[in-house]
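Peer 1: Structure below; questions to follow.
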């Protein structure tokens, strides 16, 4: 699966910077340190296991291809150096990305086939919940939660 990256500007300078940025991103992706390949491989595995009805034996809906596409784009949109999530599926046909520190420090982001990101985070005794539309860039609120899980 490949993503089409849309340019971020229309001027020759903006297009040059966008092209250079993409080329550097591909270079860093080849590095084991910055590679998103483990998460993308896990995504494919989960998709293969959960793309049929009743994949869990309890009447789960199949994971829809639109949820797969949005999840792929979300993983690709993670900034270099950010921790990779674990991937799972939900009985409603959504895919889930989770960042885990321990049982009381966890972030779960559910990706709907419509491109809505539903998130819930637990930080000790406090929790944060919400939803954001996904338009290709990870919302700042979710990036801040990922950092909070791993930097605290």
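Residue numbers (the working numbering): 553 to 704. Built from N, CA and C at the ideal position, the CB exists for glycine as well. Here the structure is a predicted model, which is why all the values come from computation and not from measurement.
Across which residues does DSSP place residue 658 in a beta bridge pair?
Peer 2: DSSP output for residue 658 lists 652 and 674 as bridge partner(s).
Peer 1: In chain order, what residues of the same chain have a beta carbon less than 8 Å from the beta carbon of residue 636, not counting five sequence neighbours either side?
Peer 2: 588, 590, 591, 627 and 630
Peer 1: Give the straight-line distance between the Cα atoms of residue 641 and residue 564, rounded to the nearest whole angstrom.
Peer 2: In this structure, the CA atom of residue 641 is about 42 Å from the CA atom of residue 564.
Peer 1: Which residue's Cα is closest to the Cα of residue 665: 648, 700, 690 and 633?
Peer 2: 648
Peer 1: Which residues mark the beginning and the end of the beta strand (DSSP E) in which residue 638 is found?
Peer 2: 638-641
Peer 1: Can you have a look at residue 682 and say buried or exposed, based on whether 16 or more other CB atoms are within 10 angstroms of its CB?
Peer 2: exposed
Peer 1: Note the first and the last residue of the continuous alpha helix (DSSP H) segment covering residue 587.
Peer 2: Secondary structure note for residue 587: it is in no alpha helix (DSSP H), with a DSSP letter that is neither H nor E.
Peer 1: Just the C-alpha distance for residue 687 and residue 662, rounded to the nearest angstrom, thanks.
Peer 2: 15 Å
Peer 1: In three-state terms, what does DSSP make of residue 632?
Peer 2: coil
Peer 1: Is residue 698 near residue 651, with beta carbons less than 7 Å apart?
Peer 2: yes
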